[in-house]
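In order, the protein sequences belong to chains U and C. Counting from 1, one number per residue, gives the positions in the first sequence under our numbering. Counting from 359, one number per residue, gives the positions in the second sequence under our numbering.
2 protein chains.
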Amino acid sequence: MAENKIHKLALQKQERFSQPEITNSISISKLKGKRKAQPNTRKLINEILNGDITALSRAITLVESKNSKHIKKANAIIKACLPHANNSIRIGITGVPGVGKSTFIEAFGKHLTGLGKKVAVLAIDPSSTITKGSILGDKTRMEDLVKDKNAFIRPSATGNSLGGVARKTRETIMLCEAAGFDTIIIETVGVGQSETAVHSMVDFFLLLKLAGAGDELQGIKRGIIEMADAIVINKADGDNIKPAKLAKVEFSRALHLYPEKDSKWMPKVSICSAMQNEGVTDVWNMILEYETLTKQNEYFEFNRRKQNKFWLIQTIEEQLKSDFFNNSEIKKELKHQLHLIETKKTTPFSAAEYLLKL
Amino acid sequence: MAENKIHKLALQKQERFSQPEITNSISISKLKGKRKAQPNTRKLINEILNGDITALSRAITLVESKNSKHIKKANAIIKACLPHANNSIRIGITGVPGVGKSTFIEAFGKHLTGLGKKVAVLAIDPSSTITKGSILGDKTRMEDLVKDKNAFIRPSATGNSLGGVARKTRETIMLCEAAGFDTIIIETVGVGQSETAVHSMVDFFLLLKLAGAGDELQGIKRGIIEMADAIVINKADGDNIKPAKLAKVEFSRALHLYPEKDSKWMPKVSICSAMQNEGVTDVWNMILEYETLTKQNEYFEFNRRKQNKFWLIQTIEEQLKSDFFNNSEIKKELKHQLHLIETKKTTPFSAAEYLLKL
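Structure representation (structure tokens):
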């Protein structure tokens with residue numbers, strides 16, 4: 001158990017500098033003329049399928065690597081793991097900083113491992129290249145969960161583009177599932193389009209909120225409320241209980257105004273105090289209720305197929321766009337055409353035609 | 359005045375069959391060895407700039423044509439008109455069928471022409487290829503506005519893609535503005551992504567609603583409420599006045615929960631009876647208030663520049679995607695890759711890579 005914790009902390013530490021370290025280990029291995037650090041791919045696959053989290057961590061590091069050999073290996077591992085993935089519930093959790101995401105995930109995760117679940121906690125944070133991993137960075141707030149042998153915590157994948165980060169996270173989900181994790185939690189702070197990305201890779205999307213006087217939705221980006229399957233008002237303890245209950249009424253009313261979801265699930269609002277471990281059971285029961293409903297009406301599988309198609313199309317479109325707009329001639333001409341539009345010398349459509357012809 | 363009406367009705371009639379008629383006139387002109395039917399482009403431009411609506415109608419027909427010569431002419435006309443466009447307020451109006459859009463636009467338009475405004479009413483209806491122009495098709499409901507010499511009503515542009523329809527509408531807006539129309543109303547029934555398209559080409563976006571017991575937002579697509587600058591509850595007359603007032607309270611509360619808009623405009627709710635011509639003035643005053651605010655804080659011009667850039671990028675992206683996905687080999691392989699994803703033999707990302715390499 002203690003060893004497990006140390007291992008996890010070591011991995012987290014390593015994660016922060018993973019790119020340089022990988023490069024480093026490669027140059028060392030090149031010097032030695034062999035690749036001692038990289039275990040045999042088939043062995044790694046077997047270990048993952050046996051639930052070995054050291055092997056899982058190594059595979060994730062390969063997934064996150066930019067080295068072409070690592071990518072090739074990662075793809076082979078993912079392909080082998082694919083038939084064993086998919087048996088899980090994937091839960092997305094978002095909320096503004098300070099809402100108590102870490103405390104909530106710790107209490108929620110402990111509750112689940114107590115029920116015999118195997119819980120993987122991942123994060124999407126496209127800004128982490130700048131902030132050096134603000135999410136899940138401070139592990140001291142999840143110290144109980146870190147010690148838990150049925151929990152696996154992995155700091156955010158980093159990357160320049162949300163697409164890249166999303167891909168790494170999606171592949172990590174598959175690896176975790178193949179390693180036997182049946183509950184996957186994806187956390188995001190909601191920078192840029194990250195909630196949309198998370199929403200497109202989970203079964204259930206949970207928005208954490210704080211009770212406050214009025215202006216309940218301040219600080220939440222447009223569209224987030226509509227994506228939520230549940231709004232959980234955290235820190236409902238002490239003097240906060242009354243405002244939390246009021247906020248619950250207000251959110252329930254707001255949610256009621258939205259059109260019905262494709263899942264036929266009516267989003268729910270609940271209150272909890274992760275700190276005092278209250279209301280966490282309710283959240284899990286709500287998710288079970290959602291799972292039962294959507295498995296009965298077949299939305300669950302339908303949605304996963306839809307998400308697969310979404311990521312296929314999304315990846316292609318992102319690549320087409322990036323190939324086009326990163327072309328140096330296009331870059332120069334785009335600027336010029338925008339100037340012509342502003343000075344009313346051309347229309348956006350003629351400008352587009354001109355650029356496409358280049 | 360009567361002549362004007364007849365002319366408009368003739369144009370509307372013509373519109374429904376505009377494509378075949380154009381083809382026809384070309385073959386006739388070819389037989390005659392000259393293009394009598396098509397007036398000189400420069401003359402047409404001058405007439406448009408002088409506010410001649412017959413010339414305006416002809417130019418719009420050129421914009422809507424698929425004939426390459428017409429497209430060339432249309433582009434020349436648009437280019438010449440561009441410096442004279444932009445001086446208007448563009449208002450988008452959406453609402454489910456039966457909400458009374460035509461009646462509202464008639465009352466609203468009459469109010470505006472009464473104030474000395476020149477009003478152009480256009481429509482976006484991507485489904486009109488199927489329904490043969492459901493929007494603005496039944497002119498009998500706007501018969502007063504049709505007679506008004508300061509109003510110009512043009513049925514929806516048709517087309518296979520929303521992108522194409524949007525382009526035609528955007529270009530028609532410019533032509534109308536160059537012809538001196540200072541208030542442009544764009545109507546949509548909200549099929550597919552048409553509200554988003556309309557929202558991206560107007561200054562002010564208005565959602566028409568009916569009062570109903572509970573479930574106020576039923577039938578409205580997700581995201582529409584967030585786009586609205588105003589919700590106007592129509593048919594607030596007779597027994598409907600009380601429910602309309604209740605709905606107003608409910609919507610105001612819901613709108614209050616949304617985060618602040620970039621425009622700093624706080625969306626408003628008002629009630630009206632277009633049939634009894636009540637509350638229409640309030641709507642216009644609200645729009646004037648919006649215009650004053652956003653011109654003061656410079657959001658008005660900022661948003662138009664943003665919209666120009668949006669259409670430039672949007673057009674390019676649509677074309678890149680359509681070139682890719684309409685490729686026959688890609689079509690075949692895409693189907694196969696989707697099958698491989700469903701049978702867990704590949705991931706969406708590997709499938710995307712494979713398709714992009716083709």
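Glycine included, every Cβ here is placed at the ideal spot set by N, Cα and C.
Open item on the list: Can you tell me whether residue 301 of chain U is buried or exposed? The criterion is at least 16 other CB atoms within 10 Å of its CB, across all chains shown.
Closed with: Working through the first sequence from its first residue, we reach residue 301 of chain U at position 301. By the neighbour-count definition (other C-beta atoms within 10 Å, threshold 16), residue 301 of chain U is an exposed residue.
Task: 7 angstroms CB neighbourhood of residue 536 of chain C in its chain, flanking five on each side removed - done: Counting from 1 along the second sequence, the entry for residue 536 of chain C is found at position 178. Short of 7 angstroms from the beta carbon of residue 536 of chain C, and not among the five residues preceding or following it, lie these beta carbons of its own chain, in chain order: 406, 407, 439, 442 and 443.
Open item on the list: Strictly under 8 angstroms for the Cβ-Cβ distance: is residue 268 of chain U near chain C by that measure?
Closed with: For the purposes of this step, residue 268 of chain U is taken as residue 268 along the first sequence, with counting starting at 1. No - not a single Cβ of chain C is within 8 angstroms of the one on residue 268 of chain U.
Open item on the list: Is the beta carbon of residue 99 of chain U closer than 8 angstroms to that of residue 234 of chain U?
Closed with: Translated into positions along the first sequence, residue 234 of chain U becomes position 234. Translated into positions along the first sequence, residue 99 of chain U becomes position 99. A contact, by the Cβ cut-off of 8 angstroms.
- [ ] Using a Cβ-Cβ cut-off of less than 7 angstroms, give me the residues of the stretch 587–601 of chain C that come near chain U, in sequence order.
- [x] Interface annotation for the stretch 587–601 of chain C against chain U: empty, criterion Cβ-Cβ distance under 7 angstroms.
Task: Assigned secondary structure, residue 537 of chain C (DSSP; H/G/I helix, E/B strand, else coil) - done: On the second sequence, residue 537 of chain C is found 179 positions in, with the first residue counted as 1. Residue 537 of chain C falls in the coil class under three-state DSSP.
Open item on the list: Let me confirm a value: residue 168 of chain U is counted as buried when at least 16 other C-beta atoms fall within 10 Å, else exposed. Which label applies?
Closed with: The residue given as residue 168 of chain U occupies position 168 in the first sequence. Buried: at least 16 other Cβ atoms inside 10 Å.
Task: Helix, strand or coil at residue 611 of chain C according to DSSP, with G and I counted as helix - done: Mapped onto the second sequence, residue 611 of chain C falls at position 253. DSSP places residue 611 of chain C in helix when its eight states are reduced to three.
Task: Check whether residue 267 of chain U and residue 236 of chain U have beta carbons under 8 angstroms apart - done: Locating residue 267 of chain U in the first sequence gives position 267, where the first residue counts as 1. Locating residue 236 of chain U in the first sequence gives position 236, where the first residue counts as 1. No, these two residues do not count as a Cβ contact at 8 angstroms.
Open item on the list: Under 8 angstroms: do the stretch 298–318 of chain U and the stretch 693–703 of chain C share three or more Cβ pairs, one atom per stretch?
Closed with: Here the stretch 298–318 of chain U lies against the stretch 693–703 of chain C, with 3 or more beta-carbon pairs under 8 angstroms apart.
- [ ] Please confirm whether residue 542 of chain C and residue 415 of chain C have their CB atoms less than 8 angstroms apart.
- [x] By 1-based counting over the second sequence, the position of residue 542 of chain C is 184. By 1-based counting over the second sequence, the position of residue 415 of chain C is 57. Going by C-beta atoms, residue 542 of chain C is not nearer than 8 angstroms to residue 415 of chain C.
Task: Assigned exposure category for residue 32 of chain U - 16 Cβ within 10 Å defines buried - done: Along the first sequence, one-based indexing puts residue 32 of chain U at 32. Confidence at residue 32 of chain U is low in this model, with a pLDDT of 44, below 50, so its placement is unreliable and no value can be given for it.
Open item on the list: Can you check which of these residues, U:289, U:113, U:331 and U:176, is closest to residue 204 of chain U by C-alpha distance?
Closed with: Counted from its first residue, the first sequence places residue 204 of chain U at position 204. Residue nearest to residue 204 of chain U within the set U:289, U:113, U:331 and U:176 is U:289 (criterion: CA-CA distance).
TODO: May I ask you to report which of helix, strand or coil DSSP gives residue 304 of chain U?
DONE: Along the first sequence, read from residue 1 onward, the residue named residue 304 of chain U stands at position 304. In this structure, residue 304 of chain U counts as helix in the three-state DSSP scheme.
Open item on the list: Buried or exposed, going by whether 16 or more other CB atoms sit within 10 Å of the CB of residue 171 of chain U?
Closed with: In the first sequence, residue 171 of chain U corresponds to position 171, counting from 1. Result: buried.
Open item on the list: With the cut-off set at 8 angstroms, would you say residue 413 of chain C and residue 421 of chain C are in Cβ contact?
Closed with: By 1-based counting over the second sequence, the position of residue 413 of chain C is 55. By 1-based counting over the second sequence, the position of residue 421 of chain C is 63. No.
Open item on the list: Can you give me the C-alpha to C-alpha distance between residue 348 of chain U and residue 673 of chain C, rounded to a whole angstrom?
Closed with: Walking along the first sequence from the start, residue 348 of chain U turns up at place 348. Walking along the second sequence from the start, residue 673 of chain C turns up at place 315. Spanning the two alpha carbons is a distance of roughly 8 angstroms.
Open item on the list: For the stretch 247–258 of chain U, list every residue whose C-beta sits within 9 angstroms of some C-beta in chain C, in sequence order.
Closed with: 250, 251, 253, 254, 256, 257 and 258
Task: Burial state of residue 115 of chain U (16 or more Cβ within 10 Å) - done: Translated into positions along the first sequence, residue 115 of chain U becomes position 115. Answer is exposed; the Cβ neighbour count stays below 16.
Open item on the list: For the structure I just gave you, are there three or more beta carbon pairs, one from the stretch 632–648 of chain C and one from the stretch 607–617 of chain C, closer than 8 angstroms?
Closed with: no
Open item on the list: Using the Cβ count rule (16 or more neighbours within 10 Å means buried), how would you classify residue 361 of chain U?
Closed with: Only positions 1 to 358 of chain U appear in the structure, and residue 361 of chain U is not among them; the question remains open.
Open item on the list: Distance check for residue 330 of chain U and residue 358 of chain U, CA to CA, integer angstroms please.
Closed with: Here the question's residue 358 of chain U lines up with position 358 in the first sequence. Here the question's residue 330 of chain U lines up with position 330 in the first sequence. So the two alpha carbons sit approximately 8 angstroms from each other.
Task: Unbroken stretches of the beta strand (DSSP E), 3 residues or longer, contained in the stretch 244–289 of chain U - done: 268–271
Task: CB contact check: residue 717 of chain C to chain U, cutoff 8 angstroms - done: Only positions 359 to 716 of chain C appear in the structure, and residue 717 of chain C is not among them; the question remains open.
Open item on the list: Short of 9 angstroms Cβ to Cβ, which residues in the stretch 419–435 of chain C face chain U?
Closed with: 433
Open item on the list: Below 8 angstroms on C-beta distance, what does residue 296 of chain U contact in chain C?
Closed with: Sequence index remark: in the first sequence, residue 296 of chain U carries index 296 (1-based). By Cβ distance, chain C contributes nothing, its closest Cβ being about 21 angstroms from residue 296 of chain U, past 8 angstroms.
Task: Positions along the stretch 165–183 of chain U whose CB lies within less than 8 angstroms of some CB in chain C - done: Per Cβ criterion, the list reads 167, 170, 171 and 174.
Task: Where residue 305 of chain U meets chain C, residues with beta-carbon distance less than 7 angstroms - done: By one-based count along the first sequence, residue 305 of chain U stands at place 305. What residue 305 of chain U touches in chain C: 700.
Open item on the list: With a threshold of 8 angstroms on Cβ separation, who are the neighbours of residue 590 of chain C within its own chain once the five nearest residues in sequence on each side are excluded?
Closed with: For this step, residue 590 of chain C is matched to residue 232 along the second sequence. If we look at residue 590 of chain C and ignore the five residues flanking it on each side, its Cβ neighbours are 462, 564, 565, 566, 567, 627, 628, 629, 630, 637 and 641.
Task: Cβ-based burial, residue 360 of chain U [other Cβ within 10 Å; buried from 16] - done: Past the edges of chain U, shown from 1 to 358, lies residue 360 of chain U, and the structure says nothing about it.
Open item on the list: For a contact defined as C-beta to C-beta under 9 angstroms, what are the partners of residue 40 of chain U on chain C?
Closed with: Residue 40 of chain U sits at position 40 when you count from the first residue of the first sequence. Result: empty, since nearest Cβ-Cβ is about 22 angstroms, beyond 9 angstroms.
Open item on the list: Measuring straight from C-alpha to C-alpha, what distance separates residue 464 of chain C and residue 455 of chain C?
Closed with: Residue numbering aside, residue 464 of chain C sits at position 106 when the second sequence is read from its first letter. Residue numbering aside, residue 455 of chain C sits at position 97 when the second sequence is read from its first letter. The straight-line gap from Cα to Cα measures roughly 16 angstroms.
TODO: Verify whether the separation of the beta carbon atoms of residue 385 of chain U and residue 187 of chain U is less than 8 angstroms.
DONE: The structure shown has nothing for residue 385 of chain U, since chain U only spans 1 to 358.
Open item on the list: Against chain C, with Cβ distances strictly below 8 angstroms, would residue 316 of chain U count as a contact?
Closed with: Against the first sequence, residue 316 of chain U aligns to sequence position 316. It does; some Cβ of chain C falls within 8 angstroms.
Open item on the list: Between the alpha carbons of residue 109 of chain U and residue 151 of chain U, how many angstroms are there, rounded?
Closed with: As a working note, residue 109 of chain U is residue 109 in the first sequence. As a working note, residue 151 of chain U is residue 151 in the first sequence. Distance between the alpha carbons of residue 109 of chain U and residue 151 of chain U is about 8 angstroms.
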